[in-house]
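Reading through the structure tokens given below for one structure.
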Amino acid sequence: MTKKKSEEELKLLGKKIVSQVEKGKNPEINFTLRNLSNIVYDKKSRTLKLGDKQATRSFFNVAHAKKFLQTVEVASIIKKELLESGKHEHLRGVFYMAKRTIPGTNVNIVDDQVESDKAIEDLEVISGLSREELHVSANKMGSMVGSIILEDSGDVINCAKLGRGGYSVPSIVDEIKFNKVDAEYVLYMEKAAIFERLNEDKFWQKNKAILVTSQGQTTRGIRRLLQRLSEEAKLPIYVLCDYDIYGAYIYSVIRYGSIALAHTSDRLTIPNVKYVGITGDDVIKYDLKRHLIKLTDQDMARIKQVSEYDWFKDNKDWLRQFKMMKEFNGKVEIQALSARGISFISEKYLPEKIKNKEFLE
Amino acid sequence: MPDQPIAEQLAKGQREISISEFFTRNRHLLGFDNPARALLMTVKEAVDNALDATADMKVLPEIKLAIEQLSETRFKVTIEDNGPGIVKEQIPNIFAKLLYGSKFHTLKQNRGQQGIGISAAVLYSQLTTGKPTRITSRISPKKPSHYYELNIDTKRNEPVIAKELEVEWEKDHGTKIEIELEAKYLKGKQSVDEYVKQTAIANPHATLIYFNPEKEKVEYLRGTNQLPIESKAIKPHPHGIELGTLIKMLHDTTSTTLKSFLQNDFSRIGSGTAKGICQQANLYEKARPAKIAQQEAEALFKALQAAKVIAPPTDCLSPITNNILEKGLRKEIQADFYVAITRPPTVYRGFPFQVEAAIAYGGELDKEGQVRLMRFANRVPLLYQQGACAITEAVTDNNWKPYGLQQSGNNLPAGPAVIIVHIASVWVPFTSEAKEAIAHYDDIIKEIKLVLQECGRKLATYIRHNVKNAEQKERIGLFEKYIPELASSLATLSDEKKTVIEENLKKILKKSMSSLLEENGVVNDKEKK
Chain A
1263 MTKKKSEEEL KLLGKKIVSQ VEKGKNPEIN FTLRNLSNIV YDKKSRTLKL GDKQATRSFF
1323 NVAHAKKFLQ TVEVASIIKK ELLESGKHEH LRGVFYMAKR TIPGTNVNIV DDQVESDKAI
1383 EDLEVISGLS REELHVSANK MGSMVGSIIL EDSGDVINCA KLGRGGYSVP SIVDEIKFNK
1443 VDAEYVLYME KAAIFERLNE DKFWQKNKAI LVTSQGQTTR GIRRLLQRLS EEAKLPIYVL
1503 CDYDIYGAYI YSVIRYGSIA LAHTSDRLTI PNVKYVGITG DDVIKYDLKR HLIKLTDQDM
1563 ARIKQVSEYD WFKDNKDWLR QFKMMKEFNG KVEIQALSAR GISFISEKYL PEKIKNKEFL
1623 E
Chain B
39 MPDQPIAEQL AKGQREISIS EFFTRNRHLL GFDNPARALL MTVKEAVDNA LDATADMKVL
99 PEIKLAIEQL SETRFKVTIE DNGPGIVKEQ IPNIFAKLLY GSKFHTLKQN RGQQGIGISA
159 AVLYSQLTTG KPTRITSRIS PKKPSHYYEL NIDTKRNEPV IAKELEVEWE KDHGTKIEIE
219 LEAKYLKGKQ SVDEYVKQTA IANPHATLIY FNPEKEKVEY LRGTNQLPIE SKAIKPHPHG
279 IELGTLIKML HDTTSTTLKS FLQNDFSRIG SGTAKGICQQ ANLYEKARPA KIAQQEAEAL
339 FKALQAAKVI APPTDCLSPI TNNILEKGLR KEIQADFYVA ITRPPTVYRG FPFQVEAAIA
399 YGGELDKEGQ VRLMRFANRV PLLYQQGACA ITEAVTDNNW KPYGLQQSGN NLPAGPAVII
459 VHIASVWVPF TSEAKEAIAH YDDIIKEIKL VLQECGRKLA TYIRHNVKNA EQKERIGLFE
519 KYIPELASSL ATLSDEKKTV IEENLKKILK KSMSSLLEEN GVVNDKEKK
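Those protein sequence lines, which keep their order, are chains A and B. Be aware that the first sequence starts at 1263, since it is given in my numbering, and climbs by one per residue. Be aware that the second sequence starts at 39, since it is given in my numbering, and climbs by one per residue.
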């Protein structure tokens, strides 16, 4: 059903361009501008969104011609190779399908995956279809474990019975059904190592939690999964990160959205997500000062930059955290808690913080 | 101890060495030092004479040159012109007596300057083959043609007539020379072929028919019917003479007093200046010039050097002129762009001179390596000693990068270009008697640089424009290549026919060609509010 809708949407785009060509007009595509100058923080929905600025990309323009060609080429590949056959392909695969040399030149339609990735993101804005609806997936880089039974492509999966590795979350999670959820909250962590620790300690059993991780920056699939768990299963989402500016930004992306994916914020952001740790206060309370890692110039610059973002600049709690970070002149990793005992995090730190609702928002 | 004093013994071996004998032993001084150069020098002297002769008669030159290979090392050079011919009595002296001629004693822009040229070739021929040089000449259709076979008496520097005839000849007037010599025919930058070609460039008013030793006929046809501006003889300027010349002038003058000698035999000296010079040198105005030659020439020389006189007249020069030079270049060098510029005349050390330059760029010229530099003095190509020449110094000293040519350090610039520099003067200062390189006078180098910079600016404008054109063509080409790709993607996307879409796109390209060409550089996505 959605597949058919996507197909029709792309065909419509094609017809629009062809009719311009028939009329002898320089074919052009209009879409909302996606660069930083058109990213706005919408205070009402508390998410990053695209502004009103429109861009026009036309074919008979030296600066646009190649991008125009890339966009149309990627659209035609997606329509013919993916949607019509009902198959999914990775960003990397789409890149290889689009990559070829234009006869009589030494110009490739795309030289680098960055170009086809961008063309796909543009196509999302142009067509109003998400990448998932276009059947394009990214590498899966996430795991889930907990008392949740779900259904994926006809298979029923019990995430309580998947051993140490847990459920490997696919890139596209829209078609997953939640059959039975028996949990009180979802804990998302940036470190896979912590995920393994908590899983080994059966944290999720003892605390009625669902554990989710994706290494580093949260992938789009995981963000979508967290949003669905929040909205459909009505579970609170807690985020566990390092006490550094990058950890803060991981939380920020889950909550407010990111600059690169501002066009699809509605499908990804979670306005009531809460940050559980690590904080500057934890550093004092749990005596982690001797585990501080000195801030680099890069860290300092990034702290300044993030502090000035519209969605941070009035948030006193977070600004206080940044100030402490600068006073310590240091950052702390989640793993530093291991200094207090290998299972300190699962037996004391997390249960206490969550019980006492020591959250940052 | 011998009975006789040593000086007397030595005196037995001491005798006058004739100029011909001197040449025999020092032929390298005149450029005849190897067989390949000997061939070039012979052709050069003969062609120079032919061009000067036709100029004297004010006719458009028609010159036939043939080089035949008789054996591995022996060649015969035949050259025929349509000049005024030579009167019978003078033929032996002109061709078979060294340092004979009218050019040596005047200051006039001529190809040759010393009058040693053609007779040197005759002597070289005699030394290497033992054969006489054959001359045919006629001065008028009403007079007979004379044929001579000539040798040189090397001891006395006198002509030896081996044969003398009246002959039938189809020409109304003109001269034909046949010389046999030991030689070597080479190709390349310093070859006879190159010399003839460059001569054609600098003398577009001449037609040159050249049969090379491979029996191929190369025709350099006239590119203009305009005769070169006639050069005029001028008297020496007081700042431009040497002591030896002054002494000779004092001897030879017909003036009876020093003051009248100064006024009559020099340019730019009037009565007042002449008086001042005499006072400065502490000499009587009425002194006999010949007497001064012996005793007080040096004082007079110093006074002449110090005298305040205006620069010599410059209307005596005969530049090729920029239009004609460009014509010459166009007819012999296939390029996309030509520029030629003639500077106003100026003066070095009391000698008037004038510099011209031309550049040809692009087209069939070699894109790799350094540019070709062609040097000319009084319309004569200079093929040897490029490195020692003031022209080369001026070219390499100039920074060519701003003018669109590559250049590494102080080398010749690189790129598909030919650079021509011509210096015209009543007295071109060569570094040696072989007349192959121009001496490094600051005034001359400065003038050459100025003319090169003027040409360079025109070249830079062209290159900027030209490169832009090429880029624009490339852009259009790129759209042409993109169209089939876009058409096939659009066809897949819209389920419409590819051929129709492609045709429509091509029509739009044609229509919007001009606006696409006007676009400059990268235009960012237009932002609309």
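Where is the CB? At the ideal position from N, CA and C, for every residue including glycine.
First and last residue of the uninterrupted beta strand (DSSP E) at residue i
i                  : result
GLN107 of chain B  : 100-107
THR1309 of chain A : 1309-1312
HIS184 of chain B  : 183-191
GLY366 of chain B  : Counting along the chain, GLY366 of chain B falls outside any beta strand (DSSP E), though it belongs to the alpha helix (DSSP H) covering 360-370.
Residue i to residue j span [Cα, whole Å]
i                  : j                  : result
THR434 of chain B  : ARG1564 of chain A : 54 Å
LEU443 of chain B  : ALA1327 of chain A : 33 Å
GLU196 of chain B  : VAL459 of chain B  : 39 Å
GLU232 of chain B  : GLY494 of chain B  : 25 Å
TYR1358 of chain A : ILE1382 of chain A : 13 Å
GLY153 of chain B  : ARG381 of chain B  : Reliability of the predicted coordinates at GLY153 of chain B is poor, the pLDDT of 47 falling under 50, and the value obtained from them is presented with this limitation in mind. For GLY153 of chain B and ARG381 of chain B, the distance between alpha carbons rounds to 29 Å.
LYS340 of chain B  : ALA158 of chain B  : 36 Å
PHE304 of chain B  : LYS146 of chain B  : 14 Å
LYS1341 of chain A : THR1333 of chain A : 12 Å
GLU208 of chain B  : LYS181 of chain B  : 12 Å
LYS1470 of chain A : SER1307 of chain A : 30 Å
ILE1438 of chain A : PHE1574 of chain A : 34 Å
ARG306 of chain B  : GLN392 of chain B  : 19 Å
TYR162 of chain B  : PHE70 of chain B   : 8 Å
VAL418 of chain B  : ALA472 of chain B  : 12 Å
ARG260 of chain B  : HIS243 of chain B  : 5 Å
ASN1230 of chain A : PRO1432 of chain A : This structure cannot speak to residue 1230 of chain A, because chain A is shown only from 1263 to 1623.
Cutoff 8 Å: residue i Cβ touching any chain B Cβ
i                  : result
LEU1262 of chain A : As displayed, chain A neither begins before 1263 nor continues past 1623, which places residue 1262 of chain A out of reach and without an answer.
LEU1288 of chain A : Reading off the sequence, residue 1288 of chain A comes out as Asn, not Leu. With 8 Å as the cut-off, ASN1288 of chain A counts as an interface residue toward chain B.
THR1367 of chain A : yes
MET1263 of chain A : Low confidence applies here, because MET1263 of chain A scores a pLDDT of 43, under 50, leaving its location unreliable; read the following figure in that light. Output row for MET1263 of chain A: interface = no.
ILE1279 of chain A : yes
GLY1313 of chain A : no
LEU1275 of chain A : yes
Chain A contact for residue i (CB, 8 Å cutoff)
i                 : result
SER550 of chain B : yes
LEU516 of chain B : yes
ASN507 of chain B : no
LEU547 of chain B : yes
LYS568 of chain B : The structure shown does not extend to residue 568 of chain B, since chain B is modelled only from 39 to 567, so the question has no answer here.
THR537 of chain B : no
LEU98 of chain B  : no
THR530 of chain B : yes
LEU543 of chain B : yes
SER109 of chain B : no
Extent of the continuous alpha helix (DSSP H) to which residue i belongs
i                  : result
VAL1376 of chain A : 1375-1389
THR92 of chain B   : 73-95
ASN504 of chain B  : 480-532
MET1359 of chain A : 1353-1360
HIS289 of chain B  : 281-290
GLU1335 of chain A : 1327-1339
PRO130 of chain B  : 129-134
PRO1613 of chain A : 1612-1617
SER1514 of chain A : 1507-1518
Whether residue i touches residue j by CB criterion (8 Å)
i                  : j                  : result
LEU321 of chain B  : LEU342 of chain B  : no
VAL1448 of chain A : LEU1497 of chain A : yes
GLN236 of chain B  : TYR422 of chain B  : no
ALA1454 of chain A : LEU1312 of chain A : no
ALA1510 of chain A : HIS1553 of chain A : no
ALA455 of chain B  : ALA398 of chain B  : yes
CYS1503 of chain A : TYR1513 of chain A : yes
LEU367 of chain B  : ILE501 of chain B  : no
PRO130 of chain B  : ALA91 of chain B   : no
Assumed close pair residue i, residue j - CB separation to whole angstroms, cut-off 8 Å
i                  : j                  : result
GLU83 of chain B   : ILE156 of chain B  : 5 Å
VAL1443 of chain A : TYR1500 of chain A : Actually they are not in contact, since the Cβ atoms of VAL1443 of chain A and TYR1500 of chain A sit about 16 Å apart, beyond 8 Å.
Residue i: CB within 7 Å of a non-hydrogen atom of the ligand GDP
i                 : result
ILE101 of chain B : This structure lacks the ligand GDP, and indeed carries no ligand of any kind.
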